[in-house]
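Note that the sequence shown covers residues 1 to 1138 in the UniProt record's numbering. From the three backbone atoms N, C-alpha and C, an ideal C-beta is built for every residue, glycine too.
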Amino acid sequence: MAMGKSFRVFEKVNPPNPYSILLEQRMKDDSVLFESQAVAVLSAQETESVKRQYTKLCDAYGCLGVLQLNAGENTLLFLVVVTGCISVGKIKDSEIFRITQTNFISLRNQPQDEERISEVRKLLNSGTFYFSWSSTIEPIDITLCAQRRYKTAVTDNRFFWNRMLHIHLMRFGVNCWQWLLKVMCGSVEIRTVYVGHKQGRAVIISRLSCERAGTRFNVRGVNDDGNVANFVETEQAIYMDNEITSYLQIRGSVPLFWEQPGVQVGSHKVKMSRGPESSVSAFDKHFMYIKERYGHQAIVNLLGTSLIGSKEGEAMLSQLFQSHHQKSLHFDDVAHIVFDYHQECRGGNTKNLSKLKTKLDIYLKAYSFFYAKDDEVLSEQRGTLRTNCLDCLDRTNCVQTFLGIQILNSQLEFLNLHEKQQIVSRFEEVFRQMWVNNGNEISKIYAGTGAIQGGSKFMDGARSAARTIQNNLLDHSKQEAIDVLLLGNTLNSELADRARILLERNMLHAPTNVLREMCKRSGEYVFPQKIRVAVGTYNVNGGKHFRSVVYKDVSLSDWLLDPSEVSSHSLVDQNDGSPVDIFAVGFEEIVDLNASNIMAASSENAEMWAEELQKVLSRDRDYVMLTYVQLVGVCLYLFVKPEQAPFIRDVAVDSVKTGLGGATGNKGATAIRFVLYSTSICFVCAHFAAGQNQVADRNADYAEITRKITFPMGRTLNAHDYVFWCGDFNYRVNMDKDDMKELIKNKAYDEILQNDQLLIEQKAGNVFKNFLEGPITFPPTYKYDLFSDDYDTSEKCRAPAWTDRVLWKRRKQIPESDSDWSPGQLVYYGRSELKQSDHRPVIAIIDVDVFQVNESRRNIVFMEVIQDLGPPDATIIIHVDSPQANDEDSSIFDDNFMMVLLQELSQIGEVILVRFVDETMWVTFRDGQCALVAAKKGKTQLCGHSLTMTLKTPNWQELTKKEIMMCSNNTVPLCDYREPLPIDTNIRRPESRSGKVTPSDEGGRTLPPSRPPQPVVNKPKAGVISILPRPPQPQIDTNAYQEPIPGGAFRKAEEPSVEYNKNDQSTAIYEEIPSEEFESSPIPSGPPPPPPGWNLENPPPLPQRQLPPPPPQTTRPAPPPVPPRAGVAPPIPSRAAP
């Protein structure tokens, strides 16, 4: 039976009654009611009694679920249905459809809600989302590859893109598998290939992971969980009667923290967003995950290797990738093959891919592919090739196509289809075109255009220009749409952000009241740990001087490491010698503030300062750079102890320009935020407006920076547990300069500070409200003559001032609780005597508490909260224990009784929905706690009748665990990567087996029994009562929480190391394909070129060369390296020289 619009959506608009939606499905008697944010499954009798009040809204092919969005303190709900789709083909009894049109229905019927979901609708309508359908059996699960379908029937959450839309219905007990579709994002290509009287299905499915989803310039590299951008699992499969064979390849961004900031036109500069040592933990997590999920791994790195020219950034990234791999735990069992695709295949010369195949042959044979006949698995894939370039698009598409065609011959051999060259050529031709289409679809998702294939310069140029426009101007809104679809109501919420710090990711989609309660009870499952933070600021007056030639004995260590030992001024000093855990070092005027630097500041000085700081700070113990951020002359660096680095996550940077009304960066601020354990910390380095009397401008700079600094997920500056400010704030002193100098000589700083502009403005509440600063017991830090202890003697003769300051604050999580709460203990606050600038550097050392989570205790508290808050559906069932209740001719549920009952229930809580089911009444409250209170009453007397109240869902805790599982990683391993690969890598097709084919689904699983029919009830009382909404009530305050690595980063594999012993995993194969121009370019004339892989200048023999070269007619079980072309006469092509 063909798929049709089997869903119908009805609406009821009857003010002042609440807006209501009714969803029906063909061939089902029951329906789903959406009203007052509640969901109810209505029986046939209930549906019949209420349907006449509704009018038809639209027809649909299927339902995706309910999208939840935040709107202040309210939650907006949208029912999402599929109104347009096209079939892309059939896999056995299941048909695969591409979504082309969706409809978002606001469940509160407000037209202004439309603009909130316009971009999400555009995303779902982009033609990259697919679902499966079957009229007879359970449809095939397209989130699972063929090999996994033989192991499990559980949907892979990595590729289940609308799982967050299922959650709202799950909480109300709706069977989502009967009412909702499961949607995958990626590409599905299906073609029918005729083999005699048989029909074969050629299939390519690419599944895009939603673990780190996004657009090209918004999402790059890896995240703290080890998930990489543009991670795609691509399956090449053939279905032939009762046989199936499939082969998996994976792709993904380089698993380091890197980005391409700014407007990207032409060559794209690569910037590492974290220091190398800070990427180790995420790098190791990524490769552990893919080994657990896909078995043995080999990296195919297609990045450029030239450190000169437009590909310099690529080469740096490639070398860092290689360096991390060499130093990682996975070096011994993960091979790394470097192949500079642009150099080797210049001008579209893909024949040189045979050189890559030579290196990969051993892995292609060892990893094998999947083959099953009937319910018996005869061959399993034991590993995958992980291919990457910069975007994991164009070059990766070409190489994966090439490898897929190579494996195709072996797949056809298993299916006994390799003997006729015509059949082989037919499959090759079909798969080549499907791979092209697959590459275009993946490219559209990540880059916005089809793939750049090198075939047509005109088409490639047009696509490149379209990418530039798309990625720089339009991708931001697309990224927001992806985040909304995947995160829903956890996006841009301060409560959710706090919960994100404390809870596991799979707990974040719990109801809002659960998150709020978990934050309130955080003291029950976190414990404090003291760390030491040093925050320094230095206006270097445009210099990059690290040591003055005049003062050779003074260095940065006097400021950063030994301030208390070196300083001669009176200061706060409680330094006990404990090492600093975090250094935040801010600079102002790191470059000269001239016109050229303001327009495009050089990063040379910033890089030199980074190297010098690393050297200085690591004098006594090691420190690693987490990251740094530069805005013209303002630059902020963050260094941490190596042992702290694995516990740091969610690092983000931002900058705000305040010069010339926000147009230029000569003044402004940079900020770095991160989470250490379960505490969020933000550092800000700022440079405010100068001038003795520009107090209002400085106040405006502070307000502008505070307002504009934002981080991913909607985080603001004040949403952090700790905020540290440092910089040249330029606040002066309202005193005569001569009087000041006299007081400075007498060290009468308190008298001067009474006129300090910053302290005056802070006391008035204009700036730095609730911030702390240490006692100022040192002389003003500005303005000095260079290399002198004298204050300004120039013509302007500026008055001294404490322009360079450090302030901090800590946010109270629960304002009512002051016990054991400390904003931090000041250890040291002072200045140093570096005289290379007209400012003196300042540093503050503060001990603060950060919190670590006790995971087992947190899980206990979480289940306690779930228990205390009651069932999410907030529904009770009322039974009437009265003889009259069994009288078919009358019902106790008359108007008078209902009025008294609802009045009684309203004393417990707000009732939003009342239903009559058989001879019972189902009452839904606004929240689960009210339902819990009502159920605890048990029995009660009302109007002479005995009522029994029970919960509709007494086992809601178990249902909550299922909801958490839907948000958890549940990927079934493809195979066990710890098992050694077989020694015999020559794959042989098993003997044919005869026997009757047993019909089954794709996984060979027994299908669940169909749903039993509903019992017939004589004359039941059925119906739904809409409850008028209450007038607005006061809202609960939810803000209570307020060197480049040299080219030798890899070793060239000598001939013995290429021999791959499957039982010996002690060494890894780490090779680079020669990329010199003369080796890779084809010779246009003259004698024939040497065989693939021959090095003209340095010719060590390859493993394949150890065997005598076979004559062309020799038959080998392994597939030939050069795929046969259509029309070639011999059934097995000869190995011709390229």
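Item, Value
"Runs of alpha helix (DSSP H) wholly within the segment 23 to 91 (minimum 4 residues, chain order)", "44 to 50"
"Buried or exposed (CB count within 10 angstroms, at least 16 for buried), residue 1175", "Nothing in the structure corresponds to residue 1175, since the chain is present only between 1 and 1138."
"Best match in Arg926, Thr960, Glu189 for proximity to Val865 [C-alpha to C-alpha]", "Thr960"
"Chain-order list of residues whose beta-carbon lies under 8 Å from that of Gln1065 (same chain, five-residue window excluded)", "With a pLDDT of 40 at Gln1065, under the threshold of 50, the modelled position of this residue cannot be trusted, and the question is left open."
"Per-residue burial, Val9 [other beta carbons within 10 Å of its own, 16 or more giving buried]", "buried"
"C-beta atoms of Tyr130 and Met184 nearer than 8 Å", "yes"
"Range covered by the alpha helix (DSSP H) that runs through Met625", "Here Met625 belongs to no alpha helix (DSSP H); instead the beta strand (DSSP E) covers 624 to 631."
"Buried versus exposed, by CB contacts within 10 Å (16 or more), Thr215", "buried"
"Straight-line gap, Glu504 to Met713 (C-alpha atoms, nearest Å)", "16 Å"
"Continuous alpha helix (DSSP H) stretch holding Asn157: start and end", "Element bounds for Asn157: n/a, residue is neither H nor E."
"As assigned by DSSP and simplified to three states, the class of Arg149", "helix"
"Assigned secondary structure, Phe414 (DSSP; H/G/I helix, E/B strand, else coil)", "helix"
"C-beta atoms of Leu826 and Ile846 nearer than 8 Å", "yes"
"Sequence-distant residues of the same chain with beta carbon closer than 7 Å to Asn539, five excluded per side", "Glu588, Glu589, Asp728, Asp804, Ser837, His839"
"Whether Gly252 touches Cys398 by CB criterion (8 Å)", "no"
"Backbone secondary structure at Arg505 - three-state DSSP", "helix"
"Three-pair Cβ contact test at 8 Å for the segment 118 to 134 versus the segment 99 to 110", "yes"
"Sequence-distant residues of the same chain with beta carbon closer than 6 Å to Asp141, five excluded per side", "Thr155"
"Rounded straight-line distance, which links the Cα of Glu517 to that of Ser31", "34 Å"
"Proximity below 8 Å, CB of His330 to CB of Phe287", "yes"
"Distance, Asn409 Cα to Glu428 Cα", "9 Å"
"contact_flag[the segment 298 to 311, the segment 336 to 345] where n(CB pairs < 8 Å) is 3 or more", "yes"
"For Asn666 and Gly633, believed in contact at Cβ under 8 Å, the rounded distance", "7 Å"
"Buried versus exposed, by CB contacts within 10 Å (16 or more), Ser794", "exposed"
"Same chain, Cβ closer than 8 Å to Glu119, neighbours up to 5 away in sequence not counted", "Ser477, Lys478, Glu480, Ala481, Val484"
"N-terminal and C-terminal residue of the beta strand (DSSP E) that His945 is part of", "945 to 951"
"Simplified DSSP state of Ile876, which is helix, strand or coil", "strand"
"Tyr289 versus Arg521 - alpha carbon distance", "33 Å"
"Residue from Val80, Lys5, Ala40 whose Cα sits closest to the Cα of Gln25", "Lys5"
"Burial state of Pro954 (16 or more Cβ within 10 Å)", "exposed"
"Exposed unless 16 or more other CB atoms sit within 10 angstroms - verdict on Val203", "buried"
"Cutoff 7 Å; reference Leu901; Cβ partners in own chain excluding five residues on either side", "Leu942"
"Straight-line Cα distance separating Arg498 from Asn14", "40 Å"
"Assumed close pair Ala601, Met625 - CB separation to whole angstroms, cut-off 8 Å", "With 8 Å as the limit, Ala601 and Met625 do not qualify as a contact, their Cβ atoms being about 20 Å apart."
"Leu932 versus Phe172: straight-line alpha-carbon distance, rounded", "15 Å"
"Phe683 and Leu636 closer than 8 Å at C-beta", "yes"
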